[in-house]
Structures are given as C-alpha cells and as structure tokens.
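Data block below; observations after.
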Amino acid sequence: MSDRPATPGSGPLTGRALVAGAAEGAVLYSSEPLSFWGGYDAETGEIIDRRHPLAGRVGAGRILAIPATRGSSTTTAVLLEAIRRGTAPAAFLTRGPDTFLALAAIVAGQLYDRAPPVIALSPEDFDALRRIPRARVEATGTVLAR
Amino acid sequence: MTSVRLDERDHSFLRGEEGEGARLAMSILVRMADVVGARELLDITAAHIDSSLYQGPATLEFAERLAEGGARVRVPTTLNVSGVDEYGWREWDVAESWAEPARRQMEAYEAMGCEPTWTCAPYQTQPRPGFGEQVAWGESSAIVFANSVLGARTERYPDLLDICCAVTRRAPAAGLHLTGNRAGDVLIDLSGVPRRLAEEPALYPVLGHWIGLRVEGRIPVLDGLRARPGEDDLKALGAAMASSGAVGLFHWVGLTPEAPDMDAAFQGREPATRLRPGPAELRAARDELGSGLYDADGLDLVVLGSPHFSLSEFAALARLVEGRRRHAGVRLLITTGRAVRELAAKAGYLDAIEAFGGELTVDTCILTTPMLPESIRRLMTNSAKYAWYTPSLLERAVAFGSLADCVESAVAGRVTRDDGAWTAGP
Numbered sequence: 038m039s040d041r042p043a044t045p046g047s048g049p050l051t052g053r054a055l056v057a058g059a060a061e062g063a064v065l066y067s068s069e070p071l072s073f074w075g076g077y078d079a080e081t082g083e084i085i086d087r088r089h090p091l092a093g094r095v096g097a098g099r100i101l102a103i104p105a106t107r108g109s110s111t112t113t114a115v116l117l118e119a120i121r122r123g124t125a126p127a128a129f130l131t132r133g134p135d136t137f138l139a140l141a142a143i144v145a146g147q148l149y150d151r152a153p154p155v156i157a158l159s160p161e162d163f164d165a166l167r168r169i170p171r172a173r174v175e176a177t178g179t180v181l182a183r
Numbered sequence: 007m008t009s010v011r012l013d014e015r016d017h018s019f020l021r022g023e024e025g026e027g028a029r030l031a032m033s034i035l036v037r038m039a040d041v042v043g044a045r046e047l048l049d050i051t052a053a054h055i056d057s058s059l060y061q062g063p064a065t066l067e068f069a070e071r072l073a074e075g076g077a078r079v080r081v082p083t084t085l086n087v088s089g090v091d092e093y094g095w096r097e098w099d100v101a102e103s104w105a106e107p108a109r110r111q112m113e114a115y116e117a118m119g120c121e122p123t124w125t126c127a128p129y130q131t132q133p134r135p136g137f138g139e140q141v142a143w144g145e146s147s148a149i150v151f152a153n154s155v156l157g158a159r160t161e162r163y164p165d166l167l168d169i170c171c172a173v174t175r176r177a178p179a180a181g182l183h184l185t186g187n188r189a190g191d192v193l194i195d196l197s198g199v200p201r202r203l204a205e206e207p208a209l210y211p212v213l214g215h216w217i218g219l220r221v222e223g224r225i226p227v228l229d230g231l232r233a234r235p236g237e238d239d240l241k242a243l244g245a246a247m248a249s250s251g252a253v254g255l256f257h258w259v260g261l262t263p264e265a266p267d268m269d270a271a272f273q274g275r276e277p278a279t280r281l282r283p284g285p286a287e288l289r290a291a292r293d294e295l296g297s298g299l300y301d302a303d304g305l306d307l308v309v310l311g312s313p314h315f316s317l318s319e320f321a322a323l324a325r326l327v328e329g330r331r332r333h334a335g336v337r338l339l340i341t342t343g344r345a346v347r348e349l350a351a352k353a354g355y356l357d358a359i360e361a362f363g364g365e366l367t368v369d370t371c372i373l374t375t376p377m378l379p380e381s382i383r384r385l386m387t388n389s390a391k392y393a394w395y396t397p398s399l400l401e402r403a404v405a406f407g408s409l410a411d412c413v414e415s416a417v418a419g420r421v422t423r424d425d426g427a428w429t430a431g432p
C-alpha cells in the first residue's frame, strides 16, 4: 500500500462543480475515455463499447468516473435521453472539465428539472478515485469516500 | 450569476425579448460559456447542426421546445444527417415507430430555418467557411475537417449546443476559436511509412485511427509522408481521429492552411511528444479496426460512405465495379447526401453502381438509423468510422479493407483483402 495517496478514504477530494448537485453511490472507475454514442445504452444504462474496460457494466445510478468523453458529438444527445429515462449515472467525476457531460446535464435541468452533478477533478484527485469503491458528491463539488 | 461579459443583444435574448426558444438557447449558451471559462461570447457567421440526429424522445422534445418557442437560426445553417432517410426509409428495415419521431425532429430543425442538407459532409457541396472564419459546427468528422482542412474556427460543438449558437449567432470565446489553442502538441513523423503504403488510400483511415487512440484530445501535426493526400483522404483521416480520439484539429505540414511549416504548426513551440508509426504498427491498426470478421469469412453487406461518400469517391467506385456484378449473397450500400447523389447521377456514375447491384441511402447512415435487417450480421467497410462504431452500435461483426478490397469482397461473397501495400518494404 506504499503507493496509496494520503487523501482517499481519509480526506475529501475537492473538484469544480460544472453542474452542482448531490449524489451518492458505487463508483464505476476507468482511466479510459468513453463515448456515450456507441458506448452507453440509454435504454438499459449499460456500457456497450466493447473496446472499453467497463463494457458490460451498468452505469445507471452509479457515480461514473471517467477521465473524459471521447469522439462523437452525439454523446450529449445519448446522455440526455438516458437522463430522461432514468438510466443515467447519478453523477460524473472527470479528470479536468468535460463540456459534453456538463451540457447534457444542463439541458436535462432545463427540460426535466433533473441534472446529475458533473464534477471536474484535478488529475491527482481523479486518479485517487481508482481506490474508492463508494462515494458521496456534495453540491459544493466535494467528493467524500464512503 | 455569470462572469461572462454579455452585450445588450445577449441580454435581450436572456430576457426573452426574442422569444422563448431564443431565451432557452441563450441561457444554455451562457451556462456553457461559464463551464468552459470563456470571458465573452464571439459572433459566428455560419453553423452546421448535428442535433438533428434523433436519439429518442429527449432530442425530439428539445428540438420542438426550441421550434415551438419561435427559435430561428440567425446565420446560414446546414443540417447534419438525420435519424431517417426522409423518402427512402421504407426500402430498409426501419420501424414506423422510429421513422415518425425522427421525421418530426427533421421538421423542427427545418422550421427553425436550417437548410435541409442532411449530410455529415456539408463541405462537399455547400458554401465553405473561409480561412479564419468563426463558425459553430457539430458532427465530429465535419468539425475536424472545418478546422484542419479549411482553416475555419470551430470548437467541438456537441449536439444540443450547436443549435443554441445558430439561434443566437454567438459562441463562447474559448477552445479552438482562439489562436493560442490551435498550436500542435504531438508530432506524427510519417517518414517510416513505406512508399507503397503511402500511396494506398486505406492508409488514411487506419492512420487516423492509430493517431486518435494515442493523442486523445491533443492536436497532432503530421509530417514526412512520401505522398500528398487529397480531400477524400483528409476526410477519412480526420473522421477516424475523431472517432478513436477526441481530435478537433490536426495540422499537416506543408498542406493544411495553418501549417505552412513546422514552426507555424507548433506556433514556435517544441512538440510535447513525438510518435513515429511504422508499417508493423499500421498493419496492426488496420486489423484492430475489424471485429469478429476475418479474411475468407462470408459476408452480408459492404457499406461505404462514413463520412458521406463524395463525388470523387463515386467516380472511383464506378470505375471499380464497371461491368461487374456483386455476389448474390452480398448487398452493397452507399450512404451519401442528397446533393452528391444528384451530382453522381448526372455524372453517370450511378449507372455502373446500380448495374453492379449497389443501393443508395441518403440523409442518414447505418449508425444513425436502425435500418439493417436482422439477417445482415457481417459487414465490410473502408470507413474507419463505420468500423469503429459497428460492434457497439449495431452489435454486428465488421471487417475493414480498402475500397478495392470492398468491391472484390462484394464480388467474391467473402472477405478478401490485398495485403501487398501493408507488407511491402520501404
């Protein structure tokens, strides 16, 4: 455990809330970016990009920690549909700001009054999530290991 | 509320003086300007809208909220592919329950004053933004083309935001709109690509795929290839990078408009990283584009045209299929835009393609309309974008090959690929 940073499990991580809100759930972590178009099934909440390490896992209700989205500009549309259906992750934690996730959450807030928090973390704090199985996201952008 | 500097017109949008649709568009735009850390908005002169893609009730609801709120685009605006071939969808396995809302979404964007171009490659037939022009484009493959090949300036606009820019004729002054953010990061040294491979058109989608995986969102600068790519090559290259990575801009030294030389491409800085792909890496990347379908395997469909097939690609295809006929068990589908279809028909290219047994779909593509019958399980394509997304979006097996490989395979009824260019020495 010598490589274990001081923060996880002990102190909170503080990120920038691109879209503020509270959520708690199991953390689904990957160091690999994900496109929601071709990567996330809005009907089931399953991650369907077979090249992605999280393929087959269900993101619905989880705290999804990915460094960023990749590729397609349709990621936002897929995520908006997932939020409408209730199959979206409960919150997003990214390595630096991800505008695609933020946009989908902002539009969902306008259309459905329901916006999952989107928190941009520093690279070090994002990497620390690897060791956090469950987390609570607070409206301030603070992330606590549970 | 916001730290973004707004002008009087922006405020009038926010107050709803230009209508409820325009108010919604501006309020989303200002929130996003905050997210990206823009200090102000800038004027745009044109837009290309990817939001037209039907992805379920939410995207339709968003479009109709804007349209019914009286939103109108305030700059010339083209439309990307839609969720359905408006007049030809019955020829394929498209469910009425999909086609109806997808058509309604098309109508909502037309009602906002967008031009019904319905193509992911508007630069093939529509007026092109000029060098340095500030625009708001959606569609990842079109964005990278506009920035890199045309030298226009657009951020990577996601669905839902591109239309907000078009309606307000404004965009956050951030990202790729600003000169300082357009400098190259990663040097891609292509001097190790053998001459014969450099002259193979399938190099470009494969190279783009390889680069996208490695640079992710950074800006690659390509140099040193012993061949000069054409526009179709650059289209394929950029689309591939924007699928496997999040590339919105690349430079090609001595070719693309912002890269007359290495110094200009990197804006006087040193490359942060250098990569030098050789034939072995590129061959592996080509094979990686396929999924679950291998040489000599049987085949159900050859599909071409992602991004949409161009007139010159139709010319090349017509030459390859002239006087030949596809295998009875293999369909050949070309996805293109309405305007290019008309041009290809006038040029006489479609005669040979139809005689071969080829079919065309316009307005959309196999990734954006659930149109393939269940019986089609095995696909082959020369598009890295089709190859990249087919396993996940369509849950089907796919093989990647050159245009010539695709035609030979359609005739043979099984995957056949000429490995010559990929195994040749320097």
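Sequence lines, in order, name chains D and Z.
Take 38 as the starting number for the first sequence in this note's numbering and just add one per residue.
Take 7 as the starting number for the second sequence in this note's numbering and just add one per residue.
Where a beta carbon is used, it is the ideal one built from N, C-alpha and C, also for glycine.
Buried or exposed for residue i, going by 16 or more other Cβ atoms inside 10 Å?
i: A127(D); result: buried
i: Y477(Z); result: For residue 477(Z) there is no data in the structure shown, the boundaries of chain Z being 7 and 432.
i: F137(Z); result: exposed
i: Q5(Z); result: Outside the shown range of chain Z, which is 7 to 432, sits residue 5(Z), and nothing can be said about it.
i: D162(D); result: buried
i: G426(Z); result: exposed
i: R171(D); result: exposed
i: R41(D); result: Any answer about R41(D) is weak, because its pLDDT of 40 lies below 50 and its placement is not dependable; what the coordinates show is given next. Exposed.
i: C171(Z); result: buried
i: S154(Z); result: buried
i: E118(D); result: buried
i: L184(Z); result: exposed
i: G364(Z); result: buried
State yes or no: is the beta carbon of residue i nearer than 7 Å to at least one beta carbon in chain Z?
i: L140(D); result: yes
i: F163(D); result: no
i: V144(D); result: yes
i: D40(D); result: Low confidence applies to D40(D): its pLDDT is 37, below 50, so where it sits in the model is not reliable, and the reading given next is rough at best. No, no contact with chain Z.
i: F137(D); result: yes
i: T51(D); result: no
i: P45(D); result: Residue confidence for P45(D) is low, a pLDDT of 47 falling below 50, so the modelled location carries little weight and cannot support an answer.
i: L158(D); result: no
i: L55(D); result: yes
Does the beta carbon of residue i sit closer than 7 Å to a beta carbon anywhere in chain D?
i: Q273(Z); result: no
i: P226(Z); result: no
i: T279(Z); result: no
i: L59(Z); result: yes
i: S249(Z); result: yes
i: E139(Z); result: no
i: G426(Z); result: no
i: P107(Z); result: no
i: L167(Z); result: yes
i: G62(Z); result: yes
i: S146(Z); result: yes
i: P200(Z); result: no
Among the options, whose alpha-carbon lies nearest the alpha-carbon of residue i?
i: I217(Z); options: V336(Z), L255(Z), L47(Z); result: L255(Z)
i: S72(D); options: A180(Z), L72(Z), E222(Z), M118(Z); result: E222(Z)
i: L50(D); options: T136(D), L130(D), L138(D); result: L130(D)
i: R151(D); options: P104(D), L116(D), T106(D); result: L116(D)
i: G96(D); options: P90(D), P104(D), G82(D), R88(D); result: G82(D)
i: E102(Z); options: I382(Z), V81(Z), D357(Z), T375(Z); result: T375(Z)
i: L196(Z); options: V308(Z), R234(Z), R337(Z); result: R234(Z)
i: G236(Z); options: T262(Z), V253(Z), A248(Z), G230(Z); result: T262(Z)
i: A73(Z); options: P277(Z), L30(Z), D424(Z), D369(Z); result: L30(Z)
i: G58(D); options: R87(D), R173(D), P90(D); result: R173(D)
i: P128(Z); options: E145(Z), E139(Z), A117(Z), G119(Z); result: E145(Z)
i: L219(Z); options: R331(Z), G230(Z), M247(Z); result: M247(Z)
i: A403(Z); options: R383(Z), S389(Z), V417(Z); result: R383(Z)
i: D191(Z); options: T51(Z), E276(Z), P82(Z); result: E276(Z)
**Asked** Can you give, in chain order, each stretch of the alpha helix (DSSP H) that sits fully within the segment 200-288 of chain Z and has at least 4 residues?
**Response** 201-204, 209-221, 237-250, 268-271
**Request:** Starting from the N-terminal side, write out each stretch of the alpha helix (DSSP H) that is 4 residues or longer and does not extend beyond the segment 157-203 of chain Z.
**Result:** 168-174
**Request:** Starting from the N-terminal side, write out each stretch of the beta strand (DSSP E) that is 3 residues or longer and does not extend beyond the segment 38-62 of chain Z.
**Result:** 47-49, 53-55
**Request:** Taking only beta carbons into account, state which residues of the segment 67-98 of chain D come closer than 7 Å to chain Z, listed in chain order.
**Result:** P70, G75, G76, A79, I85, D86, R87
**Message:** Ignoring anything shorter than 3 residues, give me the beta strand (DSSP E) runs that lie fully in the segment 305-360 of chain Z, in order along the chain.
**Reply:** 307-310, 337-342
**Prompt:** Hey, which unbroken runs of the alpha helix (DSSP H) at 4 residues or more fall wholly within the segment 92-128 of chain D?
**Reply:** 112-122
**Request:** Closer than 8 Å, Cβ to Cβ, to anything on chain Z: give me those residues from the segment 106-120 of chain D, in chain order.
**Result:** T106, R107, G108, S109, S110, T111, T112, T113, A114, V115, L117, E118, I120
**Request:** Taking only beta carbons into account, state which residues of the segment 32-54 of chain Z come closer than 9 Å to chain D, listed in chain order.
**Result:** S33, I34, R37, M38, D40, V41, V42, G43
**Request:** Give the residues from the segment 237-270 of chain Z that approach chain D closer than 8 Å (Cβ to any Cβ), ordered along the chain.
**Result:** A248, S249, S250, G251, A252
**Request:** Compile a chain-ordered list of the residues in the segment 64-81 of chain Z whose CB is closer than 9 Å to at least one CB of chain D.
**Result:** A64, T65, E67, F68, R71
**Asked** Which residues, in chain order, does the segment 384-415 of chain Z contribute to contact with chain D at a C-beta distance below 7 Å?
**Response** Y395, P397, S398, L399
**Cβ-based contacts, 9 Å cut-off: residues of the segment 207-223 of chain Z near chain D** = G218, E222, G223
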